Amino acid sequence: MVYANNFIMKRRKREFGLYQVLGMTRGQVARIMAYETLIVSGAALVLGIICGIALSQLMVFFTASLFKTQISNFHFFISPSALFITIGCLVAIFVVTLLFNLRVVVRVKLVDLMGAERRHESIKTRKPLLSGIICLIGLALIIWAYCRLLHDGLPLTASNDQLDFAMRRFGITTLMVTVGTAAFFFGLSGLLLKLLQTMRKVYWRGLNMFTMRQLAAKINTISMSMAIIAMILFFAITSVTCGMSIASAMNASLLRCTPADFSCNVMYNNSEFTEFVKSSEDGEITKYVMPSEPYDMQAALEERGVDFAKIAKGVQQVDIYSSVPAGEEDPSILLDDLIRRSKTTLPAGMDETTVMYQGIPVVKLSDYNKYLAFRGFDQLHLADNQYLITCDMGDTLDDMFNSILSAGTTITLDGKTLVPGADKIDPQAGAFCNSAMGLNSGTVVLPDAVVDQMGFALQRSSLLVNYKDGADFEKIDAEFADLSSLNDAGIGIGTNVYQNDGSNIGFWGESINRNEMIEQTDGMNGMISYLCIYIGFVLVVACAAIISIQQLSSVADSSKSVRVLSEVGCDRLAIDHSILLQQAVLFFFPLGVGLAHSLVALRVIISLVLLFGGFDIGGTVGLICTVFLFAYGGYFALTYGISKCIVRGAVRVRHTE
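Below, the structure written as structure tokens:
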């Protein structure tokens, strides 16, 4: 708004000065401006509200298409709070604009108003040495910030005790790249001008001198505005790419991580909770113990009224054990040990995962083969001295475990050495319960005798249920949902699980069906996509609008200079080329810096996104290119077209005179 207001005021200063020459006082001119501002703001408010109300109804259907939902019983509505906020913001904007305009009329001298069309922004050329030092300092800060980010990563990857320190370092890195960008543009503009002036063959060729002087006329605005725009574009590119990447990863992992129509979990007590004894109000004492055998989840659900023979074509329980041997506290299978001995690189963000300090969980071969039969996969055959690893969290972890297996990394348990039973894992056979992004970050398949010999404690059990063909899925899902909402009589999260002797062995975990998981994922994807497109589009349009108005103002200021060039014989093509070069520099140089920032940031972010599944960079880049083509590039083309009209109008005036 400030740029647009300055652009209009520059073209009307002579008009306001003429009013005063004809006898009007400054107060009368100020009242005219106030009335004009009131009329324009009122008209803009009414027109904007009408268009906003109409477009908001269309956005309802657009949003519904993103969320993959249907709209029934559509009603026309207006949000009073949104209306009042819009009116308040518009009033504040035009009040500030009016104050700027009144300041010009009241404080600017009459002679300056009359000669405003012939006045440009003053050129304050900085010393080349000072500009070079500032530019190099800014470039050094940017490169240093890049190195810090690539080395440290995001604070999300830091351990709990290092989180505060990581946040401080990340804040310093952000400050460094911000200050570095501002210093880079601040010093680069003056430095480039002087460098080109020293290159006489280039400087005096064609209209290069005119082009550089026109750029220099806006040097004060260019340096800071370009830095701000570069940072805004960096945020827009990064937010859109990250959001769409997360949505892509969720879509890729949805089918892989939903092995059944319904799944539920039981989490068992570990050694830390076996010391607890709870006394109820009636004096009944509950002991917390570790289970000696898996909890029969199917029988428990049947006791709660579930008729599996009627609704299910397949039911399978998968029991997962910890890798802590009986009577010991430390796990016998550590991911850190496998990575170190196989010389494999640990993916970013896994330093503090539970697998690292609790050990890799294990599953019996017999249970795993039953799970494979439930999924319709081929059986796994392992010798007594072999093992295998499963995972359902995407290509990054799959590649890590494949490297461990292909390197022949051994596992030693109670003096017995186990070797890999295959060179790679099966990425489709590692999801033991329904989840949105995968929960199995690594599970070792061991022969039953090895698990029994080691005395590994139970960690959790998952029950997988596939409904019969032709069954009423919605009705069955509703029945399971009712059970999941109950505690004592159901399987709600946190509901205690007891043995026959009344001792507590754990609690019920999350229960979810496939349809619910798909709906949640689709809703999340729609929200992420909608917000990313909206944020990215608004930021890109804002940046393009600022540069566009700035350039139109610059072209209007230089119209008389262009007329002089035409009078001395410069052809129209050379003049158009000069205007194109100026606008290309100011439009795309901030974009280049913002893109460089984004590429470094995305390299760190993508490494984390890959932990959760697939990543379709092609679709994301296509969306970003489309947004930039129609928004940023459209503004550039429109600005250049209007600028050519202004220039040709100035040249046409010369010919008519």
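In terms of the working numbering, the sequence shown has 174 at position 173, counting the first letter as 1, and numbering is strictly consecutive.
Even glycine gets a Cβ: it sits at the ideal position worked out from N, Cα and C.
Predicted model, so just to flag it, every value in this text is computed and none were measured.
>> Can you tell me whether residue 512 is helix, strand or coil according to DSSP?
In response: Strand.
>> If I measure Cβ to Cβ from residue 549 and keep anything under 6 Å in the same chain, skipping five residues before and after, which residues do I get?
In response: 636, 640
> Is residue 455 helix, strand or coil by DSSP?
Replying inline: helix
> Does the distance from the CB of residue 647 to the CB of residue 560 come in under 8 Å?
Replying inline: yes
> Near residue 232, which residues of its chain fall below 8 Å by C-beta distance, leaving aside the five closest residues on each side in sequence?
Replying inline: Same-chain partners within the cutoff: 179, 182, 595, 598.
> If you drop the 5 nearest sequence neighbours on each side, which residues of the same chain put their C-beta closer than 8 Å to that of residue 605?
Replying inline: Within the same chain, 150, 151, 154, 155, 349 come within 8 Å of residue 605 by CB-CB distance, once the 5 residues on both sides are set aside.
> Can you tell me whether DSSP reads residue 594 as helix, strand or coil?
Replying inline: helix
> Where are the alpha helix (DSSP H) runs, 4 residues long or more, that stay fully inside the region 354-404, in chain order?
Replying inline: 355-359, 366-376
> Does the distance from the CB of residue 551 to the CB of residue 644 come in under 8 Å?
Replying inline: no
> Should the region 201-215 be called in touch with the region 568-582, which here means at least 3 C-beta pairs below 8 Å?
Replying inline: yes
> What separation, rounded to the nearest whole angstrom, lies between the Cα atoms of residue 147 and residue 263?
Replying inline: 46 Å
>> Give the list of continuous beta strand (DSSP E) stretches no shorter than 3 residues that lie fully inside the region 512-547.
In response: none
> Bridge partners of residue 507, per DSSP?
Replying inline: 269, 498
>> For the structure I just gave you, are there three or more beta carbon pairs, one from the region 462-472 and one from the region 246-266, closer than 8 Å?
In response: yes
> Quick one: what's residue 320 bridged to in DSSP?
Replying inline: 462
> Shortest alpha-carbon distance to residue 187 belongs to which of 138, 569, 308?
Replying inline: 138
> How about residue 506 and residue 269: are their beta carbons less than 8 Å apart?
Replying inline: yes
>> Short of 8 Å in beta carbon distance, which residues of its chain neighbour residue 488, apart from the five on each side in sequence? Order them along the chain.
In response: 495, 496
> What number of angstroms, rounded off, separates the C-alpha of residue 249 from the C-alpha of residue 242?
Replying inline: 10 Å
>> Using only CA atoms, which one of 259, 225, 368 lies nearest to residue 660?
In response: No answer is possible for residue 660: the residues shown for the chain start at 2 and end at 658.
> Is the region 330-338 touching the region 478-486, taking contact as three or more C-beta pairs under 8 Å?
Replying inline: Cβ pair count under 8 Å is below three, so no.
>> Contact defined as beta carbons within less than 8 Å: I believe residue 544 pairs with residue 234. What is the distance between those atoms, to the nearest angstrom?
In response: 6 Å
> Rounded to whole angstroms, how far is the Cβ of residue 547 from the Cβ of residue 230, which I believe are closer than 8 Å?
Replying inline: 7 Å
>> Tell me which residues share the same chain as residue 492 and place their Cβ nearer than 8 Å to its Cβ, disregarding the 5 neighbours each side in the sequence.
In response: Residues 265, 301, 302, 305, 484, 485, 509, 512 of the same chain have their beta carbon placed closer than 8 Å to that of residue 492, with the five preceding and five following residues left out of the count.
>> For residue 247, tell me which candidate among 313, 133, 197, 395 has the shortest Cα-Cα distance.
In response: 395
> Could you give the residue range of the beta strand (DSSP E) that holds residue 446?
Replying inline: 444-447 is the span of the beta strand (DSSP E), which, as asked, contains residue 446.
> Just the Cα atoms here: how many angstroms apart are residue 122 and residue 556?
Replying inline: Confidence at residue 122 is low in this model, with a pLDDT of 48, below 50, so its placement is unreliable and no value can be given for it.
>> Using C-beta distances below 6 Å, list every residue in its chain close to residue 227, excluding the 5 sequence neighbours before and after it, in chain order.
In response: The residues are 186, 591.
> Quick one: what's got a C-beta closer than 8 Å to residue 84's C-beta in the same chain, skipping five residues either side?
Replying inline: 50
> What are the partner residues of residue 187, as DSSP defines its beta bridges?
Replying inline: Its beta-bridge partners do not exist; DSSP assigns none.
> Any idea if residue 157 is buried or exposed, counting beta-carbon neighbours within 10 angstroms, 16 or more meaning buried?
Replying inline: exposed
>> Just to confirm before moving on: does the CB-CB distance between residue 609 and residue 239 stay below 8 Å?
In response: Not in contact: residue 609 and residue 239 (Cβ atoms no closer than 8 Å).
>> Helix, strand or coil, according to DSSP, for residue 203 in the structure here?
In response: helix
> Which of the three DSSP states, helix, strand or coil, is assigned to residue 296?
Replying inline: Residue 296 sits in coil when the DSSP states are folded into three classes, being neither helix nor strand.
>> Suppose you measure from the CA of residue 134 to the CA of residue 86; what does that come to, to the nearest Å?
In response: 46 Å
> What distance in whole Å lies between the Cβ atoms of residue 387 and residue 420, which are believed to be in contact at a cut-off of 8 Å?
Replying inline: About 6 Å separates the two Cβ atoms, so the contact holds.
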